[in-house]
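J.: Chains U, D, V and S are the protein sequences, given in the same order.
Once you know that position 117 of the first sequence is 117 in our numbering, the rest is easy, because the numbers rise by one and skip nothing.
Numbers given in our numbering equal positions in the second sequence, counted from 1, plus 401.
Numbers given in our numbering equal positions in the third sequence, counted from 1, plus 802.
Numbers given in our numbering equal positions in the fourth sequence, counted from 1, plus 1153.
Okay, here's the structure, questions in a sec.
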Amino acid sequence: MADISKTADRTVKEGLTGSETPYMDELCKGPWPSHARELKRTQYPVMMYEEGIKQRWTQWGHGGMSSVPGLGSGAIARKSRRPDIISHSHLIRVLGNPGTFYKTSTFRKICELTERYGDGSLHMLTTNYNIEICGIMNDEQMKAVTQELNAMGYDVGSAGDAMRNMPDCMGPALCEYAVMDTPRLKHFMTKHFIDDIQYPRFPFKIKTKMAGCPNDCGKALLHGDIGIIGVFRDLPKINDRRLSDWVNRGGDIRWVCDNCPTNAMNWDGKKLTIDGDSCIRCMYCINRVPAIKPGDDRGVAITAGGKMKGKYGPMKGKVIFPFIKVTPPDYKELVAAYTRICDVYDDNGRKKERIGDMIQRIGMDKFLELCGVEPSPMNFTSPRRNTFYHWEHEELGGVHE
Amino acid sequence: MADISKTADRTVKEGLTGSETPYMDELCKGPWPSHARELKRTQYPVMMYEEGIKQRWTQWGHGGMSSVPGLGSGAIARKSRRPDIISHSHLIRVLGNPGTFYKTSTFRKICELTERYGDGSLHMLTTNYNIEICGIMNDEQMKAVTQELNAMGYDVGSAGDAMRNMPDCMGPALCEYAVMDTPRLKHFMTKHFIDDIQYPRFPFKIKTKMAGCPNDCGKALLHGDIGIIGVFRDLPKINDRRLSDWVNRGGDIRWVCDNCPTNAMNWDGKKLTIDGDSCIRCMYCINRVPAIKPGDDRGVAITAGGKMKGKYGPMKGKVIFPFIKVTPPDYKELVAAYTRICDVYDDNGRKKERIGDMIQRIGMDKFLELCGVEPSPMNFTSPRRNTFYHWEHEELGGVHE
Amino acid sequence: MSKVGGVGVPPVEENIPQVVLKNYGKWDTHEVVRPGVIKRIAESGDVCYTVRIAMPPSRVSVASMLELCDLADEYSGGFFRITLRNSFEFVDVNPDKIEELIDKVESLGFPVGGTKNSVHNIMACPGWIHCNLPATDSPGIAKALGDALIDEFKNHRLPAWLKINIGGCANIEEALMADIGIIGVHRDIPIVLEDKMRICEQPTVIHSCPTGAIKPKGKESVVISAERCIHCGACTMHCESILTGDPKLDGFAVSVGGKASNTGSGPDLGRVVIPYLPNNPPKWEEAVNAVTMIMHAWRKDARPDERIKEWIHRIGWDRFFKKAGIKVSIKDVDGYMYGNEFARSDLRFGW
Amino acid sequence: MSKVGGVGVPPVEENIPQVVLKNYGKWDTHEVVRPGVIKRIAESGDVCYTVRIAMPPSRVSVASMLELCDLADEYSGGFFRITLRNSFEFVDVNPDKIEELIDKVESLGFPVGGTKNSVHNIMACPGWIHCNLPATDSPGIAKALGDALIDEFKNHRLPAWLKINIGGCANIEEALMADIGIIGVHRDIPIVLEDKMRICEQPTVIHSCPTGAIKPKGKESVVISAERCIHCGACTMHCESILTGDPKLDGFAVSVGGKASNTGSGPDLGRVVIPYLPNNPPKWEEAVNAVTMIMHAWRKDARPDERIKEWIHRIGWDRFFKKAGIKVSIKDVDGYMYGNEFARSDLRFGW
Ligand code: SRM
Ligand code: SRM
Ligand code: SRM
Ligand code: SRM
Ligand code: SF4
Ligand code: SF4
Ligand code: SF4
Ligand code: SF4
Ligand code: SF4
Ligand code: SF4
Ligand code: SF4
Ligand code: SF4
């Protein structure tokens, strides 16, 4: 192994020491943790960044998804526009842990690999919650890192037109609001779909994001190509005794009632009631009052189409399956719904077209039909405004033949 | 004149008497005023309607804008698909009066003309608030009717790709809420733009609708290609003494406060205050409480793009000029703004493209620029979500040359 | 030939009674003294009574108008208005004569009412009376609804007012702007009269179609693709040789929640909640049932002063469909190529 | 060659402390005992303390991570988390040792805080550190903002929490999802390296452009139309021979009002309120001023528990621009060919 790491043909040491880095030196000052300082503690070619700042233009060149030997995905290749400093510098994406919990014993091994094969800098974490091991110079190193990670029970992937890492929130591991077991679902989904995560085969990337409740700490609805979010259908549960204790200890229940978005809460001075005709399960009262808990009729909503760029610009996800029961160990219903969305995308998406743009192009009605969804108001903010329907042959009873 | 009326080559009397009209006879029953009964009291070819009901399909054929001899517009021509009943039947659109007020002395003349040249049936009023004199058979009759109307001070127009009749609300004539004199504006605009109303020259129709206040009885914002609606900028005026009288007489001010859409009203049991940071001049409190009146800083908002069909489907109007002072007798500012919108449409609209569809196509920002509007939040419900800007050469300081 | 047009409209002053001219812009308040009768009080203390009646949909005979003119001469100094909902209003009626006028005008067949929290006059386009595009007969439906709702027209018993507009086709006219709207829908694609085709200008027709559903067929005719056609009627409007409509397939959709004013949740067009009901003249049971069903659900559940749009705004569409007893169908989901704006992007469900 | 991949991720149980495993799914409530320190109480009565620190934007050295590991070994049994905002959290810290841990970790340069009503950890993409698309340097801006806002990170003095995300280009990453976002904007059209062009596949590049701004130029090269280009960078992403960026013209935009949760007015992406500010490293004054200006206006005017989105929802955009002291420009009006959705259709003005 050792030799492989040696094969790294890094740039002239001078460049690295960063002796001439006035801009970065400036960025090392101040109370906030400094990436400049961090980079200086590594073998990262600091002159690439220093020059970028000086010229106000990145010095890096073309790049993007590249594959770890033996895998379809897992790395980002990056050329340099400054061969005088460095020729290139790749990175590997290590799939984030369930609940993004780590323990030092294994994590130290990741550090060691980063030192041995990379330039000693890490990306902790990416906004899709992978660890990136940076500064890897060649295929052998990529393969070696991956295999050592595999040996530890870790894995890579999440680049290119594949399923990406499926970030989750800590959920029931630490959070009282969780109505769904995000970390375990993440573990299951990653294993179940590992091939699609490591071998790109879709029109474009599919980012799946999860959150344990409608607070959506995973921002799954906003930017998940597919979002899986814990929801409950019955009303929030109120523990009356506990509530009055809380109020007596100074809890301002009136204030909470005022902030209920649909004025569903009514506090008569003694008892709190929630109007089933108004409550929209927004989580607010639950977030504010320990005596109020999520209901018991629990499942997940599955959204699709969130993304930030693409033809039609930034888009929130749209509700496809408003309620699916979560049934470990095989998560049958959930896997079926999820797979259905991916298949519809696979069959109908154009090259480099995100799910959201595809829905925009083919129409939400068509997409729901393809997904086999029995439509409900949970699928729309309002019914349509135009009468520009398409009538299927059956609906016309074949009359127009 | 008499002869002209005789030239009407109406269909065989049998058809007209409606002896065989079981469907229409059914429609003559019941408490609601019956169009069937009305038609039977005229020379309208009732078998056309009876057959339509029987076959569940209109018996009328191609039609649309047609012109009164000597004018570009003013009539709707209509062919029949049932020459056995009647060959055709045209109608003339008489521009509605300011405030749609009528007096019998002149109106009886209109009735007489309808008897003499038409089939004795009227459309009172169309949804664009014209009177239609129906059942006119030829050009001579159209011309004769028009000239007799002109002699009375009445006029025709409002068909085809012209400016249409400019309906208004009764406004100050009868309404306490009016912040703008709609009937007088209607009178002025009609005279000022009479050529554009009678000689089609635009890409498609331009419907201008007016209302005296934000209650918008004219539905000007919803369906005016151009809407002119009275607005005020300062806060609603409260007459304290009168308010307490009203409250003492049982007026439920708390209820009104609860229904203020922005919770801007605060009633402390004695005094009512309106929070200038929240009030959106929605009219609700004014509508409900006689002691609250519109503010004094008055003008009109001009909207554009409302319509019901066209490529992009039903669309509400969009705010172009949020506030324009109303300055009779020449209404300078208003006419300038209005004309600007029409010119921009004239220059940029495609054939048969409504203003709303044009705005959708060229972009709201471009449209505002072309109209010379200094943009404000009154022009949008929210700023844009994407950063997909177009940068003008000036903005780039010519650097990229 | 002698000049035609160029005249404009008569001045305001010509058609309004003295009291209106005197107090023009100085009206202070109003009371609806009984359904259909509005008393307007001016700052000067002067009052002006108006009496409102329903009008027959789309067409009225000169004979009837002359009868109304006679009454106007007798009771309102010859002055009247046609309102923005095409109600007929006697303007400036002597209060002592109001009951008398009401009796006479109702005996002529014109019910008095349609103010405030009532069903207001029903607006409808000519439909089968005179148009070539209708998918349904607006006046027939208006009449059927008016007969069914007459008591609500004559009373102030609803939570707020209820306005019903009817348009015979996708041109829609007023429908989407009303609390409840009825819109004619064609379901089959238009029929191309091949033989007549050469009278129309091929490029114009093709251009007239918003979705590009019309493709040239040889030099002289065109074909329409059922996949792309949205049944808007534009081609029929612009070309003599294309016929729209099919007696067996035409019908209408029902919309709710239109509102123009800026109060409450503000102005908006209605939304289509029932995509299709069959044409069934002359009684139009389906239309009457749909409207009364929605009206009753609203009436039962709405707060005072809460129009249908505001009611739905409060309870959400989730619950509207339940309460109104309307089944949600895929047709409620906007999938029009230029629509697509109503897909849901939140989890704020009202189960 | 030996097998690679196919492994997945380690099981949950492997990386969580005993107390977490034992009370998994049985947490009852939590208190933020001080900024950065959350005490979680389980139904069983067990407690679990977490200590949260800010992390350097985008890159951290193995050296630093090992120092943090040492502390984790000493104070949290070797367990830690990286949160969804990339904060580092020591999990299950002995309460008596918390102050000690805080001293040590802060002396290493990692401030403790970022919980509740504070500025939370700042998210930024690699920008000039490693990407080829950036119009601005996200990490540099993040650092400048962090230095300026450190006191708000360490205290709970804001009306609600304030989350700031930074993306170097139109790909945007997180920016639009934060209370305040910074988004790199390119203003000039991409540069086509004619000579290199033949290495890329012409059709693919042309196809990659969402607005069809790229037209073929002969067989081997392409031209980009300034009228159509929206500076999204897709072409540069997909073609080696097209360079994006211009040191003199690149800069960034500022957005406000992103929020993910379903509370209040519900989830939504932010809106761009400042279309362009120049890149000005290493102090980034313009960015710091814009963010602090918005933060102060919000802080001064917002009600307790009211995030920026909810604040704007209450006062309206009309007043937001006034209060924040931002001049409205035509660039705020969405005119993107596929956008156009925000034109105003009501008269509910807040003058
Ligand atoms: C006469 C008329 C204006 C005209 O020039 O013809 C009129 C007259 C009045 N309108 Fe209107 N509105 C008239 C059509 C409309 C329309 C258009 C329509 O109905 O198609 C609208 C907009 C559509 C809508 O309803 O949204 C309209 C929205 C209003 C509103 C706003 C209601 C709301 O939802 O907030 C008010 C204020 C109110 O009612 O409190 C209002 C208030 C009034 C007042 C009270 C104004 C006043 O002080 O006189 C008048 C009596 C209302 C009544 O009928 O009880 N008027 N009003 C129209 C009578 C139509 C009819 O025959 O029924
Ligand atoms: C009479 C009237 C309906 C009524 O009962 O009031 C009417 C009748 C016709 N309309 Fe309309 N429209 C009438 C108001 C409307 C409205 C309502 C309004 O004006 O606010 C609309 C919806 C608002 C709008 O303009 O978008 C309306 C949208 C249309 C359209 C759709 C235009 C488009 O944007 O595509 C057409 C088709 C066209 O013009 O190409 C149309 C075409 C027609 C034609 C001319 C179709 C035809 O030629 O077969 C209809 C003639 C019927 C006849 O022979 O009696 N009518 N039409 C109204 C006359 C208004 C006037 O006095 O000028
Ligand atoms: C640790 C973390 C989840 C994780 O698996 O990593 C987390 C943890 C908690 N979140 Fe969260 N949220 C976390 C990221 C988010 C995000 C994502 C983000 O910030 O990019 C969101 C959605 C984005 C947003 O803010 O809209 C998020 C939206 C919420 C909300 C909804 C807030 C609202 O506007 O209604 C709550 C409920 C609340 O705060 O009352 C919440 C509540 C909580 C609670 C109180 C849940 C609990 O009982 O422990 C946790 C402590 C909050 C705190 O930091 O004071 N969490 N939370 C994340 C910490 C990020 C950080 O380092 O600061
Ligand atoms: C590392 C990371 C930024 C970070 O600081 O976290 C990142 C880095 C890059 N993104 Fe990203 N994206 C990252 C999260 C995101 C996100 C946020 C998220 O995942 O929620 C988004 C917005 C959400 C979304 O997906 O729409 C995002 C939208 C993009 C896009 C736009 C895709 C599109 O729809 O057009 C591109 C361009 C592309 O893929 O063609 C892109 C492309 C890139 C590339 C690969 C561009 C390139 O090759 O030059 C960047 C590599 C930078 C480098 O060499 O270090 N990145 N990228 C994130 C890695 C996530 C991961 O672990 O997989
Ligand atoms: S999303 Fe819900 S369950 Fe997950 S961490 Fe946030 S609040 Fe807890
Ligand atoms: S969950 Fe939300 S909507 Fe339901 S009662 Fe609580 S605060 Fe109100
Ligand atoms: S729009 Fe306003 S001014 Fe005109 S009638 Fe209606 S309420 Fe009166
Ligand atoms: S005008 Fe409307 S927003 Fe303003 S105080 Fe009155 S009710 Fe409230
Ligand atoms: S709505 Fe349709 S059917 Fe009715 S008049 Fe207008 S065009 Fe004709
Ligand atoms: S009805 Fe409309 S959509 Fe269908 S072909 Fe004709 S114009 Fe095109
Ligand atoms: S946001 Fe843009 S600049 Fe930042 S990493 Fe992603 S692609 Fe690169
Ligand atoms: S930057 Fe985007 S819009 Fe401009 S040419 Fe490249 S791909 Fe097209």
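All C-beta atoms in this analysis are idealised placements derived from N, C-alpha and C, irrespective of residue type, glycine included.
Just so it is clear, the structure is predicted and the values come from calculations on it, not from any experiment.
#1: If distances are taken between C-alpha atoms only, which option among V:C1041, V:G948, V:P928 comes closest to L440 of chain D?
#2: Write down every uninterrupted run of the alpha helix (DSSP H) in the region 248-285 of chain U whose length is 4 residues or greater and which is fully enclosed by it, in chain order.
#3: Under a Cβ-count criterion, where at least 16 other Cβ atoms within 10 Å of its own Cβ denotes burial, should R1000 of chain V be classed as buried or exposed?
#4: Can you check the region 1402-1447 of chain S for any beta strand (DSSP E) of at least 3 residues that lies completely inside it and give the ranges in chain order?
#5: Compare the Cα-Cα distances from T443 of chain D to each of D:G453, D:H524, D:V690, D:E754 and report the closest residue.
#6: Any idea what DSSP makes of R980 of chain V, helix, strand or coil?
#7: In chain order, what residues of the same chain lie with their CB nearer than 8 Å to the CB of F589 of chain D, ignoring the 5 residues before and after it?
#8: Which of the residues in the region 1215-1235 of chain S, read from start to end, lie with their CB under 7 Å from any CB of chain U?
#9: Note the first and the last residue of the continuous alpha helix (DSSP H) segment covering P584 of chain D.
#10: Look at I982 of chain V and V1093 of chain V and say whether their C-beta atoms are less than 9 Å apart.
#11: Return the CA-CA distance between N138 of chain U and L113 of chain U, expressed in angstroms with no decimal places.
#12: So which residues on chain S does R634 of chain D lean against when the C-beta distance must stay under 8 Å?
#13: If you measure from the beta carbon of R861 of chain V to each beta carbon in chain D, is any gap under 9 Å?
#14: Would P715 of chain D pass as an interface residue toward chain U - the criterion being a Cβ-Cβ separation below 9 Å?
#15: With a threshold of 9 Å between beta carbons, is R384 of chain U in contact with chain S?
#16: Under the DSSP definition of a beta bridge, which residues are partnered with W461 of chain D?
#17: Measure the CB-CB distance between V231 of chain U and L1149 of chain V and report whether it falls below 9 Å.
#18: Straight-line CA distance for I537 of chain D to I493 of chain D?
#19: With hydrogens ignored, establish whether the beta-carbon of N660 of chain D is closer than 8 Å to any heavy atom of ligand 8.
#20: Is there at least one Cβ from chain U nearer than 9 Å to M1154 of chain S's Cβ?
#21: Cutting at 6 Å between CB atoms, please list the residues of its own chain near D848 of chain V, excluding the five before and the five after it.
#22: For a quick check, are the C-beta atoms of V247 of chain U and Y284 of chain U less than 9 Å apart?
#23: Given a cut-off of 9 Å on the beta-carbon distance, is the pair R501 of chain D and R854 of chain V in contact?
#24: Strictly below 8 Å CB to CB, what residues from chain V border Y503 of chain D?
#25: In chain S, which residues lie less than 7 Å from L71 of chain U when you measure between Cβ atoms?
#26: Measuring from the CB of A1015 of chain V, is there a heavy atom of ligand 10 at a distance below 8 Å?
#27: Does ligand 4 have a heavy atom nearer than 8 Å to the CB of W60 of chain U?
#28: Of all the residues that make up the region 666-693 of chain D, which are near chain S by a beta-carbon distance shorter than 8 Å?
#29: For D1499 of chain S, go through chain V and note every residue whose CB falls closer than 9 Å to its CB, in chain order.
#30: Compare the C-beta of A738 of chain D against all C-beta atoms of chain S and say whether one is closer than 9 Å.
#31: Thinking C-alpha only, which one of U:H62, U:R242, U:T208, U:K29 is nearest A1297 of chain S?
#32: Any chance you could list the alpha helix (DSSP H) runs of at least 4 consecutive residues sitting entirely within the region 511-599 of chain D, in chain order?
T.: Result, derived from the coordinates:
#1: A check of alpha carbon separations from L440 of chain D across V:C1041, V:G948, V:P928 identifies V:P928 as the nearest.
#2: 253-259
#3: exposed
#4: Taking only runs of at least 3 residues, the beta strand (DSSP E) segments lying wholly in the region 1402-1447 of chain S are 1404-1409, 1424-1431.
#5: D:H524
#6: In the sequence under discussion, the amino acid at residue 980 of chain V is Ala, which differs from the Arg named in the question. Correct three-state label for A980 of chain V: coil.
#7: P729, P730, Y732
#8: Cβ contacts with chain U come from V1215, A1216, S1217, M1218, L1219, C1222, A1225, D1226, G1231, F1232, F1233, R1234, I1235.
#9: In the DSSP assignment, P584 of chain D falls within the alpha helix (DSSP H) that extends over 583-593.
#10: Yes, Cβ-Cβ distance for I982 of chain V and V1093 of chain V is below 9 Å.
#11: Distance between the alpha carbons of N138 of chain U and L113 of chain U: 14 Å.
#12: F1502, W1504
#13: yes
#14: yes
#15: no
#16: D:S481
#17: Yes, the pair counts as a contact, with Cβ atoms nearer than the cut-off.
#18: Going from the Cα of I537 of chain D to the Cα of I493 of chain D covers about 8 Å.
#19: yes
#20: Bear in mind that a pLDDT of 47 at M1154 of chain S, under 50, signals an unreliable position, so the model cannot answer this.
#21: Taking C-beta separations shorter than 6 Å and ignoring five residues to either side along the sequence, the partners of D848 of chain V in its chain run V821, N825, following chain order.
#22: no
#23: It is worth fixing the name first, because residue 501 of chain D is Thr in this sequence and not Arg. No; because the gap between Cβ atoms is not below 9 Å, this pair is not in contact.
#24: The contacting residues are N817, F881, F882, R883, I884.
#25: V1157, G1158
#26: yes
#27: yes
#28: D678, S679, C680, I681, R682, C683
#29: N1064, G1068, P1069, D1070
#30: Chain S contact via Cβ: absent.
#31: U:K29
#32: 540-553, 583-593, 595-599
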